[in-house]
Amino acid sequence: MTQSTTSLDPFDPLELLRLLAERGSTGIFVVTHPAGLFQVWLEEGRVQHLHFGAERGAAALARLLGDPAGQFHFEAGLRCPDPTLDALLDELVLEALDALPGGTLKFEGPAQFTSPERIARLNWTPAEREVLRQIRGGRPLADLAEDPEARRLILKLCRMRLLAPRAARVARLTVGVSRQGAGAALVDLQIHGRWQSGAARPLTQVAVRREDGSVVTLPVRGEPGLGPRLLLPPELLVHTGLRGGESVLVRPG
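Residue 1 is where the sequence shown starts when you use full-length UniProt numbering, and the numbers rise one by one after that.
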């Protein structure tokens with residue numbers, strides 16, 4: 001019986017393989033490529049064998065990623081008759097990406113890991129662990145990428161969809177009047193702390209968005225016990241045109 005196939009063109013081969021691995025699949029993933037046959041054997045989600053023509057292992061995967069084309073199918077339940085590997089897919093992907101051009105950063109600000117579990121399963125060098133630590137701490141990718149090795153790692157993580165932009169935390173607060181702001185807006189200390197934990201630098205400003213869409217940037221500091229309020233000294237109320245009782249969206253500036 002002829003196995004039905006699907007064009008690889010609209011798909012990311014890494015995502016197809018990742019889905020199979022995450023499901024703990026057993027079977028063979030085949031791409032009939034213009035340059036030859038690409039095959040990955042999986043056993044409960046782990047790679048048992050991988051080849052593309054004469055290439056084996058990560059080199060075979062790199063060759064496909066460099067020229068993704070052809071028809072693919074997956075035959076479930078088949079077991080590799082002659083295993084040559086017993087590896088996590090992500091381990092092979094990291095090695096394969098070393099052989100490919102790095103590309104450009106898709107975003108430059110702070111990032112978050114999309115799957116901390118996948119990150120934790122991999123073996124990293126001390127230098128790579130330091131880059132991961134700084135990403136986790138909220139340092140902007142553009143700053144980290146000034147180092148060529150860190151940039152290389154970041155690009156690989158992005159290609160594997162392990163990094164995504166860190167979403168700015170937004171709070172809806174009610175404007176009030178403060179007599180102790182000393183030229184700065186005041187927000188609840190807990191809100192300030194949450195924002196600071198996701199920032200790479202000391203939090204000194206917030207962006208305040210009004211209902212009409214206009215945005216003002218204000219100096220800020222945290223004070224305990226304010227709750228969902230943004231307190232401004234009279235001079236800032238006059239300068240910004242904000243009014244007591246007005247509801248605004250506030251995020252780190």
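Ideal Cβ positions, reconstructed from N, Cα and C, are used throughout, including at glycine.
If you draw a straight line from the Cα of E108 to the Cα of A96, it comes to about 24 Å. When secondary structure is reduced to three states using DSSP, D98 falls in the coil class, being assigned neither helix nor strand. Distance between Q39 and E15, taken at the CA atoms: about 15 Å. Contact between the region 109-126 and the region 70-86 is absent, with fewer than three C-beta pairs closer than 8 Å.
L78 sits away from I135, with the two beta carbons spaced by 7 Å or more.
Annotation: D90 to L17 spans about 10 Å, alpha carbon to alpha carbon. Remark: C-beta atoms of A35 and A62 do not approach each other more closely than 7 Å. About 6 Å separates the Cβ atoms of V206 and L218, confirming a contact at the 8 Å cut-off. Taking the Cα of R56 as reference, the smallest distance to any Cα among G45, A69, D67 and W41 is reached at W41.
In the structure shown, the three-state DSSP call for R166 is coil. Here P10 is exposed, its C-beta having fewer than 16 other C-beta atoms within 10 Å. The straight-line gap separating the alpha-carbon atoms of G137 and L203 is approximately 14 Å. Here DSSP, grouped into helix, strand and coil, assigns G193 to helix. Sixteen is the threshold: when 16 or more other Cβ atoms of the shown chains lie within 10 Å of the Cβ of S25, as they do, the residue is buried.
For E43 and R251, the gap between their C-alpha atoms comes out near 47 Å.
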